[in-house]
Amino acid sequence: MNSRPVWLGKPKPIAIALKALALALICAVVIFPFLVVISTSLATKQQIDANGGYVIWPTEISFEAYKQIFNGTQVSRSIVISVGVTAVGTAFSLACTVLAAYGLSRRQSLFQRGLLSFVLFTLLFAPGMIPVYLMVKQLGMLNTYWSLIIPTAVSAFNIVIVRGFIQAIPHELFDAARMDGAGEWRILRSVVLPNSRAVVAVVGLFIAVGYWNNYFGPLLYLNDTEMWPLQLVMRTFVLENNVTTNAQAIPGYVAPPAQSVQMALVAIATLPILCVYPFLTKHMSKGMLTGAIKG
1 MNSRPVWLGK PKPIAIALKA LALALICAVV IFPFLVVIST SLATKQQIDA NGGYVIWPTE
61 ISFEAYKQIF NGTQVSRSIV ISVGVTAVGT AFSLACTVLA AYGLSRRQSL FQRGLLSFVL
121 FTLLFAPGMI PVYLMVKQLG MLNTYWSLII PTAVSAFNIV IVRGFIQAIP HELFDAARMD
181 GAGEWRILRS VVLPNSRAVV AVVGLFIAVG YWNNYFGPLL YLNDTEMWPL QLVMRTFVLE
241 NNVTTNAQAI PGYVAPPAQS VQMALVAIAT LPILCVYPFL TKHMSKGMLT GAIKG
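In this text, residue positions in the sequence shown follow this note's numbering: the first is 1, and each later residue adds one.
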């Protein structure tokens, strides 16, 4: 009698075929919207009109939509702002997260249990929009880029994940470093960070995606349209069909169709983060699962 569990047995051909079909359908559902976005952004007005507004595969490629976007001072400036806020915010947030997680992972830290309980308390009770807005206003950060960075710099969830990963590092490494005379800063730099690259990469990716896609924060805190990041500029064009460009001043200029510009903006806003994912895929499961299980 075969005592092996069902899930360890050799799958039947029909099961393999059904799994392959399900995987193909999932891939199609995920890839199809991206294909439509890229194809429509590269299509001409005639192709868009002939296909009812959206193109699946363009027969003739046109880059006029991208030329209009990158000729526009408003869009170009918003891309620079989004990149700057994402870079500075990710670095600042990662530094705060790693420092907090390392301190909370050491039992000998001052007020370790109380501070850990406070961090876990914030997972259950969020402050809400109005208290955060009043705090930003009282600190004088309204209409500054710091209002997009500081309020979301520290996440209790990220701290718990990184703390759990640090706790999984063998204690022998810490003991050996202390025997060599290393202090806490050197242990963090020479022991913790080299052994925590996976979780730092994954959490850094999550933080960067959050800053890049931040829409509600700029809408609340920024009154000057010259300071708007890409997400708000994209919203302005989608809702009002209005993006200021230098090309509009050229005599005889013919603007590309609105659908092409909309999809080009979506592609520009999506592709930078999408291109980062393949480089961090190998860290995803290790970084999240180890930190979550240990934490």
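We treat Cβ as the ideally placed atom computed from N, Cα and C, and that holds for glycine.
Tell me which residues share the same chain as residue i and place their Cβ nearer than 6 Å to its Cβ, disregarding the 5 neighbours each side in the sequence.
i              : result
methionine 141 : Ser147
isoleucine 207 : Thr90 and Ser93
glycine 114    : none
alanine 156    : Val119, Thr122 and Leu123
Please report the distance separating the alpha-carbon of residue i from that of residue j.
i                : j              : result
methionine 234   : glutamate 226  : 14 Å
lysine 67        : asparagine 51  : 23 Å
arginine 77      : isoleucine 48  : 29 Å
lysine 12        : isoleucine 26  : 21 Å
tyrosine 133     : methionine 179 : 48 Å
valine 80        : leucine 193    : 30 Å
phenylalanine 32 : valine 202     : 26 Å
leucine 104      : proline 278    : 31 Å
alanine 177      : isoleucine 166 : 15 Å
isoleucine 14    : serine 109     : 57 Å
tyrosine 145     : leucine 139    : 13 Å
tryptophan 57    : serine 82      : 30 Å
isoleucine 169   : glutamine 112  : 19 Å
methionine 129   : arginine 197   : 33 Å
glycine 53       : leucine 271    : 22 Å
alanine 24       : asparagine 213 : 29 Å
histidine 303    : lysine 137     : The question about residue 303 has no answer here: the residues shown for the chain are numbered 1 through 295.
Buried or exposed for residue i, please, with buried defined as at least 16 other CB atoms from any protein chain shown within 10 angstroms of its CB.
i              : result
glutamine 259  : buried
arginine 163   : buried
alanine 28     : exposed
valine 199     : buried
serine 117     : exposed
isoleucine 149 : buried
methionine 135 : exposed
tyrosine 215   : exposed
lysine 10      : exposed
proline 127    : exposed
alanine 20     : exposed
alanine 22     : exposed
alanine 269    : buried
If I'm right that residue i touches residue j with Cβ under 8 Å, what's the distance once you round it to whole angstroms?
i             : j                 : result
threonine 97  : asparagine 158    : 5 Å
leucine 232   : leucine 219       : 6 Å
threonine 298 : valine 55         : Because the chain here runs from 1 to 295, residue 298 falls outside it and cannot be looked at.
leucine 42    : phenylalanine 63  : 7 Å
valine 266    : phenylalanine 237 : No, valine 266 and phenylalanine 237 are not in contact; Cβ-Cβ is about 10 Å, not under 8 Å.
proline 257   : valine 85         : In fact, because the Cβ distance is near 31 Å, the residues do not count as touching under 8 Å.
tyrosine 102  : leucine 188       : 6 Å
alanine 65    : alanine 264       : 4 Å
proline 151   : glycine 217       : 7 Å
Who are the near neighbours of residue i in its chain, counting only those whose CB is closer than 8 Å to its CB and skipping five residues on each side?
i             : result
leucine 173   : Val191 and Asn195
alanine 249   : Bear in mind that a pLDDT of 48 at alanine 249, under 50, signals an unreliable position, so the number given afterwards is only what the model happens to contain. Result list for alanine 249: empty, nothing under 8 Å.
valine 154    : Ser93, Cys96, Thr97 and Ala100
aspartate 175 : none
Going by beta carbon distance, what residues of the same chain come within less than 7 Å of residue i, once the five residues before and after it are set aside?
i                : result
valine 209       : Ile273
valine 318       : A question about residue 318 goes unanswered here, because the residues of the chain that appear run from 1 up to 295.
aspartate 224    : Asn143
threonine 44     : Glu60 and Ser62
valine 88        : Ile149
phenylalanine 70 : Ser76
isoleucine 38    : Ala267
tyrosine 211     : Val85, Thr86, Gly89 and Thr90
Would you check if the stretch 108-124 and the stretch 170-183 touch, i.e. whether three or more CB-CB distances between them fall below 8 Å?
Here the stretch 170-183 does not lie against the stretch 108-124, with fewer than 3 beta-carbon pairs under 8 Å apart.
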